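Engineer:
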Amino acid sequence: MGRYEGNPAAVRALFRGHEVHRDVYIDPEIYRLEMKHLFANAWVFVGHESQTPNKGDYFATQVGDQPVIQVRHSDGEVHVLYNRCPHKGTKIVIDRAGNTGKFFRCPYHAWSFKTDGCLLAIPLKKGYENTGFENSGKGMRAVGEVKNYRGFIFCRLADEGISFEEFFGGSLSSIDNMVERSPAGRLEVAGPPLRYLHHCNWKMLVENQTDTCHPMVAHESSAGTAVKLWKELDMPEGTPLPPAMEIIAPFTSPYEFFENMGIRTWPNGHGHTGVHHSIHSDYSEIPGYMAKMTEAYGEEKAKAILGENRHNTVYFPNIMIKGPIQQLRVFIPLAADKTMVESYAYRLVDGPEELTARTAMYNRMINAPTSIVGHDDLEMYERAQEGLQANSLEWVNVQRLYEEDEDFSEEAVENGTTERQMRNQFDAWVKFMTADRAMQEAAE
Amino acid sequence: MSVSKEQLIDFIYDEVRMLDEGRYDDWLALWLKDGHYWMPLDYKQTDPHNVTSLMYEDLFMLKLRVERLNGARTFSQKPKSRCHHVIQRPFVDVMDDAAGTYVTTTFMHYVETRLDEQFLLALTARHELALVDGSLRIANKRVDILNCDAAFRNIQLLP
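Line order of the protein sequences matches chains E and W.
Read in order, the letters of the first sequence correspond to residues 0 to 443 in numbering that gives the first Met the number 0.
Read in order, the letters of the second sequence correspond to residues 0 to 158 in numbering that gives the first Met the number 0.
1. Helix, strand or coil for proline 239 of chain E per DSSP?
2. Please report the Cβ distance between cysteine 117 of chain E and glycine 138 of chain E, rounded to the nearest whole angstrom; I am assuming they are in contact, meaning their Cβ atoms lie under 8 Å.
3. CB glutamine 65 of chain E to CB phenylalanine 58 of chain E, shorter than 9 Å?
4. Which runs of the beta strand (DSSP E) fall wholly inside the stretch 80-137 of chain E and span at least 3 residues, in chain order?
5. Tryptophan 394 of chain E bridges to which residues according to DSSP?
6. Please state the DSSP three-state secondary structure of histidine 48 of chain W.
7. Do the CB positions of arginine 346 of chain E and threonine 355 of chain E come within less than 9 Å of each other?
8. Using the Cα positions of phenylalanine 74 of chain W and aspartate 95 of chain W, report the straight-line distance between them to the nearest angstrom.
9. Quick test of your reading: valine 313 of chain E and valine 412 of chain E, contact by CB under 8 Å. State the CB separation rounded to the nearest angstrom.
10. Would you kindly work out how many angstroms separate the C-alpha atoms of leucine 63 of chain W and alanine 225 of chain E, rounded to a whole number?
11. How long is the line joining the alpha carbons of aspartate 132 of chain W and threonine 100 of chain W, rounded to whole angstroms?
12. Is the stretch 137-147 of chain W touching the stretch 32-41 of chain W, taking contact as three or more C-beta pairs under 8 Å?
13. Output the distance between the C-alpha atoms of threonine 130 of chain E and isoleucine 91 of chain E, rounded to the nearest integer angstrom.
14. Assuming serine 173 of chain E contacts proline 266 of chain E under a Cβ cut-off of 8 Å, what Cβ separation, rounded to an integer in Å, is found between them?
15. For proline 253 of chain E and glycine 70 of chain W, I'd like the C-alpha separation in whole angstroms.
16. Okay, do the stretch 187-195 of chain E and the stretch 332-344 of chain E touch, 3+ Cβ pairs below 8 Å being the bar?
17. What is the DSSP secondary structure of methionine 215 of chain E, reduced to helix, strand or coil?
18. Name, going along the chain, the residues of the stretch 173-204 of chain E whose beta-carbon falls closer than 9 Å to a beta-carbon of chain W.
19. Find the nearest neighbour of methionine 177 of chain E within the set E/Asn366, E/Ile320 and E/Pro239, judged by alpha-carbon distance.
20. Considering only residues of the same chain and omitting the five flanking positions on each side of alanine 109 of chain E, which have a CB-CB separation below 7 Å?
21. Taking Cβ positions, are arginine 419 of chain E and glycine 287 of chain E nearer each other than 9 Å?
22. Count the C-beta pairs between the stretch 427-437 of chain E and the stretch 2-16 of chain E that are closer than 8 Å, then say yes if the count reaches three, no if not.
23. How is glycine 270 of chain E classed by DSSP in three states: helix, strand or coil?
24. Within the continuous alpha helix (DSSP H) that includes aspartate 376 of chain E, where are the two ends?
25. If you follow the alpha helix (DSSP H) that proline 7 of chain E is part of, which residue opens it and which one closes it?
26. Who are the Cβ neighbours of glycine 46 of chain E in its own chain at under 7 Å, not counting the five residues just before and after it?
27. For serine 73 of chain E, report the span of its beta strand (DSSP E) as first-last.
28. Short of 8 Å in beta carbon distance, which residues of its chain neighbour serine 52 of chain W, apart from the five on each side in sequence? Order them along the chain.
29. Starting from the N-terminal side, write out each stretch of the beta strand (DSSP E) that is 3 residues or longer and does not extend beyond the stretch 268-303 of chain E.
30. Using the beta-carbon of each residue, which ones in chain C are nearer than 8 Å to methionine 339 of chain E?
31. Can proline 191 of chain E and aspartate 148 of chain W be called in contact, C-beta distance under 9 Å?
32. Okay, do the stretch 77-88 of chain W and the stretch 5-22 of chain W touch, 3+ Cβ pairs below 8 Å being the bar?
33. Please list, in chain order, all residues of the same chain as aspartate 115 of chain E whose beta carbon is under 7 Å from its beta carbon, the five residues on each side excluded.
34. List the residues of chain W whose Cβ lies closer than 8 Å to the Cβ of alanine 344 of chain E, in chain order.
35. Between the alpha carbons of arginine 333 of chain E and proline 27 of chain E, how many angstroms are there, rounded?
36. Looking at the unbroken alpha helix (DSSP H) that takes in threonine 355 of chain E, where does it start and where does it end?
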């Protein structure tokens with residue numbers, strides 16, 4: 000037993016309001032407890048329903064460190080099952096996606112299961128007669144609860160706990176906006192995700208999503224150089240920026256731009272940058288799109304949908320979406336110092352293909368393993384992961400625009416350079432890391 | 000004007016040598032100005048636009064990539080990466096002297112290193128070349144990574 004197992008007071012003490020202890024990033028025991036408590040008690044993103052459009056379609060992924068399968072059952076509902084045969088533990092599917100037909104069949108001993116997990120058949124069944132073996136409960140196990148919110152599949156591994164609506168609350172407005180940018184009100188995944196492996200803690204990546212004081216510093220080499228090269232081309236005044244420049248140039252915006260853009264936080268660790276404007280605000284209009292949106296929603300609502308320019312919305316614990324460009328990134332924890340980042344592009348159903356192309360361009364320019372922007376982010380995270388080993392100082396600062404007695408149970412809008420959203424995440428982190436103990440105490 | 004098969008093959012060898020030696024200005028000078036360097040994300044990907052790729056870059060983006068490598072505040076290049084190509088003899092798939100266009104396919108191994116890390120990629124490079132004013136130029140280049148669907152760490156130079 001380590002320092003933190005069964006010791007919620009020690010876990011709580013890792014977050015002091017304006018600073019967090021380095022163990023949240025580097026301690027393997029804390030990582031293990033995150034998988035056991037935080038990722039079990041929170042609502043975690045699984046996939047998008049368009050990844051499994053037809054009956055029998057499946058998609059294999061991870062929720063925390065748990066192997067799961069998202070599958071479309073014969074009744075059309077999306078189920079989330081553990082990717083483990085109840086017999087010997089064999090993973091039922093090993094490819095990332097496919098169609099299993101009407102049932103799953105384990106490749107080891109041919110036990111078969113309906114696509115809702117129920118046991119269908121076992122070869123040579125009579126061998127289990129009079130052994131105490133009961134059919135019931137011998138199927139593939141389902142996660143605690145599943146919610147399909149406008150196409151986005153989330154699950155809670157724990158059988159009991161906070162409801163989906165209470166967990167996300169007002170933060171769902173960012174998903175709403177992303178979905179409503181489609182004239183049909185639907186999104187579809189556009190191809191496979193970029194997969195990018197980082198040797199750092201998953202929370203560093205999540206925190207960076209609302210870190211508005213790093214782009215002009217860490218990305219000077221890419222965005223700053225792009226602006227310089229464009230100037231050197233000496234194009235005639237008024238020449239429209241090519242799409243690549245529209246995407247990369249705003250990364251060099253001054254501090255004032257980011258201060259004024261604002262940050263909103265919601266309870267349970269969710270929040271977004273870009274309340275008033277964002278780096279996505281000045282993208283050029285796509286001809287014909289506004290007309291289609293007006294036809295679908297009416298002029299007033301169409302303007303309201305497209306007028307919203309939220310930058311990054313963090314859904315605690317481990318995804319970020321960009322509504323205006325239909326991008327989603329998942330930060331999958333693999334170890335205390337290892338994180339897989341998957342970056343997805345989505346297509347607006349009935350929307351212009353130019354927007355899909357822009358999203359795909361953003362994805363590869365900013366978030367690919369080959370990205371000149373991503374390279375510098377990874378460099379910063381990994382330097383931090385290594386630097387945190389220094390015993391001279393055990394605390395990490397999250398103090399920018401900190402106020403004593405901050406109340407994260409209320410929605411708040413603040414200066415865009417505040418680190419309040421990082422503190423909001425740690426407030427939720429403590430809550431869900433210790434939720435099992437809190438429930439136990441309530442029951443006692 | 001026409002070019003020999005040997006000239007086409009030498010061109011490919013010269014190009015990877017420029018990349019390995021970091022002679023990027025020479026390398027950029029090989030490109031036609033509307034060319035694209037495409038590195039697909041999906042195995043046998045056909046669409047560079049509406050699904051994500053690892054790279055799909057025009058000459059402006061390639062210049063930016065090269066310029067950044069030498070920047071004073073390019074933190075992920077402190078210290079710098081190094082790379083090394085080992086190539087098979089290129090196949091010349093198309094030789095159209097009348098149009099002045101040529102296509103080659105080259106299998107290669109690519110090694111990139113920085114600090115204590117080194118990785119190996121198996122690549123298939125497809126070059127569309129054009130004969131312009133008596134010299135061969137790159138019209139388009141497509142680089143397929145054998146394990147394109149695997150998770151990668153930073154790939155910082157040009158495979």
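Glycine is no exception: its CB is placed at the ideal position from the N, C-alpha and C atoms.
Model, not experiment: these values are computed from the prediction.
Structural biologist: In this structure, then:
1. coil
2. 5 Å
3. no
4. 96-98, 102-104, 111-113 and 118-120
5. E/His20
6. coil
7. yes
8. 45 Å
9. About 15 Å separates the two Cβ atoms, so there is no contact after all.
10. 6 Å
11. 13 Å
12. yes
13. 25 Å
14. Serine 173 of chain E to proline 266 of chain E, Cβ: 15 Å. No contact.
15. 20 Å
16. yes
17. helix
18. Ala189, Gly190, Pro191, Pro192, Leu193, Arg194, Tyr195, Leu196, His197 and His198
19. E/Ile320
20. Pro122
21. no
22. yes
23. strand
24. 373-386
25. 7-11
26. Phe58, Thr60, Gln69 and Ile152
27. From DSSP, serine 73 of chain E is part of no beta strand (DSSP E); its letter is neither H nor E.
28. Trp37, Met38, Pro39, Leu40 and Gln44
29. 269-272
30. Of the protein chains in this structure, namely E and W, none is chain C.
31. yes
32. yes
33. His72 and His78
34. Val50 and Thr51
35. The amino acid at residue 333 of chain E is misidentified as arginine; the sequence shows leucine. Their Cα atoms are separated by approximately 11 Å.
36. 352-366
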